[in-house]
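Worksheet: the structure to be examined is printed underneath.
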Amino acid sequence: MKKIISALAIGAIVAGSAFADMTVGLNYRNGASLFKYTNKGADARTADSYGNVYDGSGYDKNGASMEALNLTGWNSGKDSVSLKVAGDVFSLAANIQPTVTSNAIIFHALTTTITPGRFTFTAGWNGDGLMDMRVKTDADAGNEEGKVFERFKLGSAFNGSDGLCANNRVSFNTGRNFFALAGYDLRVKKGVTVNMQGSLMFDREWDTSAEKNDGNLGWGLFVTPKIGGVLDAQVFVKSILKGAAGEDKVAEFVTGAYIKPNFLSVLTDSAIGGSVVITDGNLMEYNFDWRAYLKVNKALSVTYYGKFSKLVSDDDTGYLPCDGAAVSAIGDNTSFTSSQVLWNMIAARYKFNGTVTGVLAVSELTDLDDGFNNGRESADGTQLAIHPHVQLYAAKNATISAGISASFGGIGANKDANKDVDVIINVPVLLRVKM
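When we follow our numbering, the leftmost residue of the sequence shown carries the number 664, and every step to the right adds one.
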């Protein structure tokens, strides 16, 4: 590792003489759970003939468990070091990510960009993706995403769907692949521009042990008009020939549109729109997103996220009833299977001074299958997560967050499911450095 860092340092010195701008970035996040109480409700416990409750590890009349000092038990993430060098025409970005399990170094993302005039050409290996229209002002300010802020990106809420991160310009869902991206800025008149981009995506990736290549090839077209002081918009369509290696490919499309109104100064960063997934000519899924960022005053701001996602069918014909797909949980709750869900989240941040910020984040995720799909009974109901905490800005780009997280699962679930409400109380601490 020391040799790698030394090589980066030498490369940075050399690059500095050839490029106009050079930056080195660090992204580090580690979360610890100081104390955690879990009571999973009836779905995780069964009673014997004597009335004792069995929770999988022994008899416990309360069916509860407690855990202390789990050093990776909260919002954990991978560390990375990035090097970016940029000039008027050419730029290079490398993001190096060490893996803890194998002690190996993986090139998480390596891209090159050429910018002749109004044209832009970028190619490389996608790591985190490129997405516009996200409402993330406070997420960046607090260096907190995932459990605390943007649990779901624009697009699908279903794990494995190609509608995840629908407007990702260089990848389908959250997969990593090779890509090539070309763009042009068209200046219509003063204050009005239209950015046009096209991408090619090659379904090929690798990790420390194996390489994946199903031979899937995709493309994307993105049109982003901007009217200064009025609105930003984006219309896009992506397509991929999808299928396992050696099998017939099926054409899948992901298309949608989002807008950001700019004419209301108090709503400085808001978005609304939606997307659909079409497989072999049949509508498979549609999603709606609405986001708002409200700057009340210099100290107080409120961020709101909303999403509705619905699966229409679970086969290529578009006629079979949908059995649902996995949905990631909010807070410390358990993921579940559904064919339509509603997510709402609101976070209020109050900046007491330059060092201390108080945050109250409340989110809910509701399984809407029960009562909407005939013949289907839901055992999941609504998940609720409440997280009051304090952010301490130890330095300009480093924060320490500490508070209490309360998660409740199965609220209002179908009575026939014999499910009590899950209760998880966590006392987390999160250290985040992002430079």
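The C-beta atom is built at its ideal place from N, Cα and C for all residues, glycine as well.
Same chain only: Cβ atoms within 8 Å of residue i, ignoring 5 sequence neighbours per side
i      : result
Leu880 : Leu863, Met864, Phe865, Asp866, Ile903, Leu904
Phe926 : Gly892, Val893, Leu894
Gly828 : It is Cys, not Gly, that sits at residue 828 in the sequence shown. Gly792, Met794, Lys816, Leu817, Gly818, Ser834, Asn836, Thr837, listed in sequence order.
Lys961 : Lys1014
Glu948 : Ser819, Phe821, Ser824, Gly826, Val939, Val940, Ser972, Lys973, Leu974, Val975
Lys659 : Any property of residue 659 remains undetermined from this structure, which presents the chain solely from 664 to 1098.
Sequence-distant residues of its chain with Cβ nearer than 6 Å to residue i (five each side left out)
i       : result
Gly861  : Ala845, Leu884
Ile993  : Arg814, Ser1026, Leu1028, Gln1046, Ala1048
Ile1009 : Tyr967, Val1025
Gly1034 : Its pLDDT being 46, under 50, Gly1034 is placed unreliably in this model, and the coordinates cannot settle the point.
Val916  : Sequence inspection shows Phe at residue 916; the Val mentioned does not correspond to that position. Counting only Cβ-Cβ distances below 6 Å, and skipping sequence neighbours, we find Ser902, Ile941.
Ala1061 : Val1096
Lys728  : Reading off the sequence shown, one finds Ser at residue 728, where the question assumed Lys. Result list for Ser728: Thr701, in chain order.
Thr887  : Asn858, Gln897
Asp730  : Checking the sequence shown, residue 730 turns out to be Glu, not Asp. Lys699, listed in sequence order.
Gly1075 : Gly1044, Thr1045
Ser696  : Asn733, Gly736, Trp737, Asn1089, Pro1091
Gly776  : Per the sequence shown, the amino acid found at residue 776 is Thr instead of Gly. Closer than 6 Å at Cβ, skipping near neighbours: Ser754, Thr785.
Ile1063 : Leu1055, Ala1057, Leu1094
Asp995  : Ser1070, Ile1087, Asn1089
Cα-Cα separation between residue i and residue j, rounded to whole angstroms
i       : j       : result
Ala802  : Leu793  : 17 Å
Asp952  : Met796  : 11 Å
Thr942  : Thr997  : 29 Å
Val1022 : Pro779  : 44 Å
Phe1015 : Asn945  : 52 Å
Tyr691  : Asp1030 : 34 Å
Lys853  : Lys889  : 11 Å
Leu755  : Leu732  : 41 Å
Gly694  : Asn758  : 22 Å
Val913  : Lys970  : 28 Å
Pro1051 : Asp911  : 51 Å
Val851  : Ile1088 : 55 Å
Ser745  : Leu689  : 6 Å
Asn1037 : Val1004 : Its pLDDT being 44, under 50, Asn1037 is placed unreliably by the model, and the measurement read from it follows with that caveat. Distance between the alpha carbons of Asn1037 and Val1004 is about 16 Å.
Trp1006 : Thr1018 : 32 Å
Ala1011 : Gly826  : 29 Å
Val1053 : Gly906  : 47 Å
Thr918  : Arg954  : 19 Å
Ser1068 : Val900  : 39 Å
Thr1020 : Ala920  : 35 Å
Met1098 : Gly787  : 23 Å
Asn950  : Thr800  : 23 Å
Glu807  : Trp882  : 32 Å
Beta-carbon proximity check, residue i vs residue j, cutoff 9 Å
i       : j       : result
Tyr1056 : Val798  : no
Val752  : Asn789  : no
Thr774  : Thr785  : yes
Gly937  : Gln897  : no
Ala1121 : Asn822  : Since the first residue of the chain shown is 664 and the last is 1098, residue 1121 is not available in this structure.
Gly1066 : Val1084 : no
Gly809  : Pro1091 : no
Ala991  : Ala843  : The question names Ala, but residue 991 in the sequence shown is Ser. No. Outside cutoff.
Val687  : Lys747  : yes
Same chain, Cβ closer than 7 Å to residue i, neighbours up to 5 away in sequence not counted
i       : result
Leu849  : Thr856, Val857, Met859
Val1086 : Asn702, Phe1071
Lys923  : Met796, Leu894, Asp895, Ser933, Ala934
Lys958  : Val929, Thr931, Ser964
Tyr847  : Arg781, Phe782, Met859
Residue i - partner residues in DSSP beta bridges
i       : result
Pro779  : According to DSSP, which records beta bridges pairwise, Pro779 is partnered with nothing at all.
Trp1006 : Lys970, Leu1028
Phe1015 : DSSP lists no partner for Phe1015.
Asp952  : Gly936, Lys970
Phe821  : Val990
Leu689  : Val744
Asn1100 : An answer regarding residue 1100 cannot be provided, because it is not within the stretch 664 to 1098 covered by the chain.
Lys958  : Ser964
Leu1047 : Glu1027, Phe1071
Asn1089 : Lys699, Ser1068
Ala749  : Asp684, Ser754
Glu730  : Lys699
Gly919  : Phe899, Ser938
Val857  : Leu849, Pro888
Residue i beta carbon near the ligand GTP (any heavy atom closer than 8 Å)
i      : result
Leu689 : As presented, the structure is devoid of all ligands, the ligand GTP included, so that no description of it is given.
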